[in-house]
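In our numbering, the protein residues as written are 27 to 459. Following: one structure in structure tokens, then a few remarks.
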Amino acid sequence: MHVIVKTNQQENAVPTQAAPEGDDDPFDPGSGRPQSPAQSASKRSGRIVRFPTHRAGILNPAVRSFRKKHFPGITTKLWNDWQWQTSHRIRSLNQLEKMIVLSDVERAAFKQSGTTLPLGITPYYMSLVSPDNPDQPIRRTVIPTIHETVHTTGEADDPLGEDAMSPVPGLVHRYPDRVLLLLSDFCSTYCRYCTRSRVVGHGAIHPSRNRLERAFAYIEQTPSVRDVLISGGDPLMLGEEKLSWVLSRLRQIPHVEIVRIGTKVPAVLPQRITARLVRMLRQYHPLWMSLHFTHPDECTPEASRACAMLADAGIPLGSQTVLLKGVNDNLETMRELVHKLLKMRVRPYYLYQCDPITGSAHFRTPVETGLSIIRGLRGFTSGYALPTYVIDAPGGGGKIPLMPDYVVGREDDALILRNYENKHYRYPEPCNR
Ligand SMILES: *Cc1c(COP(=O)(O)O)cnc(C)c1O
Ligand code: SF4
């Protein structure tokens, strides 16, 4: 394994035939460049394959009309600049009121001091939010409601007991061979159901050299760690230089076989996926990514294009989805989501039962809801479309898979099984008497 890692590092030492820095803004689908992306890609190294021209030209009509209405005079180039998107996040009640008609439960959230997670929504993601329907799934995931301030029994700020398993601030070591490294607590868009709402958006976790060096030292001294999961906050909100430094430091540790990045950027800020970012990331293979998609409405042409660029860079993409009441807790929505993910070359990885985080009661569903969704997918659609349904056990037990029962029982030496159509079958077990 180490030999493979070394080989990669040697390859990395050779500068890639990088295109001039000036082309770092490929996310420009509407600018009517004279050269098609396909032509320009072949002129370069030919290693970064651009999204097909006819698709790249499509800007979501809803996105376009939102931009015209609320950001008139903003050019496509600026709109597609991730730093512009980040600095123009919707962060206050005042801004929100100009864009959507708030319901009473939404407005009440701003009158209460009990909400702990800040408000933050990129203009791009805001353009997907319904201005007049407070029950629209995407809207429910990012617009606070008074329900967030309701504390129910069994809920906690840190239900997964992550703080107790942190040998170094921002590093969680729960499983024998892998660690979770929180880079920063910043996200461009805050999900109202965030598991880490106790830390996210509060300025508590900084990507400071000092803290990260302590984390790297811990990993260096712990040879059992072969997999490092970088999360946060959103790691891709860091600049290329800082991120590249983190990845290269991890790559210098011989026993770290794979690195994973957990991010919601392709869904909430697809403009962040630039040719420059992708060129940097692909130097650190084997690199995997866990994306975070919640609803099929997030699978826009913009998100597709971001995923295509990552997939073309050889990064295997998985998706983690939280099961949320009134958002994605029915078979039709989930089926549409997993199908759209596969089309974007994203493999559904985990479906999470919503953690009992403080103020989450309005988002949580009974476990039977998740089981019936899995039952409705298994056998009826591609196996690749099926995520593993898990509960992250409160108290720090880790992820525990939940499966519909396909084993009905035993009869003599045979196992009685139920198939997806609820028909029974016998499997004769080997006789070892
Ligand atoms: C989810 C998680 C991981 C990764 O688990 P996988 O099942 O390997 O994806 C690692 N550490 C912590 C603390 C986690 O919560
Ligand atoms: S992207 Fe992840 S870390 Fe950020 S708010 Fe959403 S769930 Fe929390």
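Here a beta-carbon is modelled for each residue, glycine too, at the ideal position from N, C-alpha and C. Quantities reported herein were computed from a predicted structural model and do not represent experimental measurements.
**Item:** Beta bridge counterpart(s) of residue 452 as assigned by DSSP
**Value:** 442
*asked:* Let me confirm a value: residue 406 is counted as buried when at least 16 other C-beta atoms fall within 10 Å, else exposed. Which label applies?
replied: exposed
Residues near residue 184 by beta carbon distance below 7 Å, same chain, minus five either side: 224
ask   = Around the Cβ of residue 114, are there at least 16 other Cβ atoms within 10 angstroms (buried) or fewer (exposed)?
value = buried
Handout entry: Three-state secondary structure assigned by DSSP to residue 196
Key = coil
Point to revise | Spatial distance of residue 244 from residue 424 (CA atoms) | key: 21 Å
| request: Evaluate the contact criterion for the segment 164-178 versus the segment 215-234: three or more CB pairs, one atom per stretch, below 8 Å. | output: yes
- Query: Is it right to say residue 455 is buried, meaning 16 or more other beta carbons lie within 10 angstroms of its own, or is it exposed?
  - Reply: exposed
**Prompt:** Taking buried to mean at least 16 other C-beta atoms within 10 Å of its own C-beta, is residue 436 buried or exposed?
**Reply:** exposed
| said: Restricting to Cα atoms, I'd like to know which of 213, 411, 195, 400 is closest to residue 430. | reply: 400
Kindly examine ligand 2 and report whether one of its heavy atoms sits closer than 8 Å to the Cβ of residue 223. yes
Within the same chain, show all residues whose beta-carbon is closer than 7 Å to that of residue 211, passing over the 5 residues directly before and after it, in chain order. 225, 226, 227, 228, 229, 230, 231, 258, 259
Going by CA-CA distance only, name the one from 359, 388, 420 that's closest to residue 403.
359
- Cutoff 7 Å; reference residue 177; Cβ partners in own chain excluding five residues on either side: 384, 385
Is any heavy atom of ligand 2 found at a distance shorter than 8 Å from the C-beta of residue 143?
-> yes
| request: Would you please state the rounded distance, in angstroms, between the beta carbons of residue 314 and residue 331? I believe it to be under 8 Å. | output: In fact, because the Cβ distance is near 20 Å, the residues do not count as touching under 8 Å.
Exercise for review: Determine the extent of the beta strand (DSSP E) in which residue 374 is found, giving its start and end residues.
Suggested key: 372-379
Validate contact between the segment 249-268 and the segment 415-424 using beta carbons, cut 8 Å, 3 pairs: no
Report all residues from its chain with a CB closer than 6 Å to the CB of residue 155; omit the five preceding and five following residues, and keep chain order. 164, 165
In this structure, does DSSP put residue 127 in helix, strand or coil?
coil
- Message: Relative to the C-alpha of residue 121, which candidate in 137, 145, 108, 234 has its C-alpha closest?
- Response: 145
Assuming residue 344 and residue 308 form a contact by the criterion Cβ under 8 Å, report the distance between their Cβ atoms to the nearest whole angstrom.
The Cβ separation is near 17 Å, so there is no contact.
Local conformation of residue 112 per DSSP, three classes: helix
Exercise. Are the beta-carbon atoms of residue 462 and residue 417 separated by less than 9 Å?
Worked result: Residue 462 is absent from the structure shown; the chain starts at 27 and stops at 459.
Exercise. Does any heavy atom of ligand 1 sit closer than 8 Å to the C-beta of residue 250?
Worked result: no
Taking the alpha carbon of residue 364 as the reference point, which residue from 250, 323, 335 has its own alpha carbon closest? 323
Checklist entry - Using the C-alpha atoms, what's the distance from residue 269 back to residue 280? => result 19 Å
| For residue 451 and residue 433, the rounded distance between their alpha carbons | 10 Å
Q: Note down, one range per segment and in chain order, each alpha helix (DSSP H) of at least 4 residues found wholly within the segment 223-260.
A: 235-246
- Task: Drop a sphere of 10 angstroms on the beta-carbon of residue 162, count the other beta-carbons inside from all chains shown, and report buried for 16 or more, exposed for fewer.
- Result: buried
Closest to residue 203 by C-alpha separation, out of 89, 250, 192, would be which residue? 250
Buried or exposed by the 16-neighbour rule on C-beta atoms within 10 Å, applied to residue 288
buried
| Which residues mark the beginning and the end of the beta strand (DSSP E) in which residue 437 is found? | 433-437
Exercise for review: Can you give me the start and stop residues for the alpha helix (DSSP H) that residue 89 sits inside?
Suggested key: 87-96
Please state the DSSP three-state secondary structure of residue 173. helix
Handout entry: Exposure label - residue 300; buried when at least 16 CB within 10 Å
Key = buried
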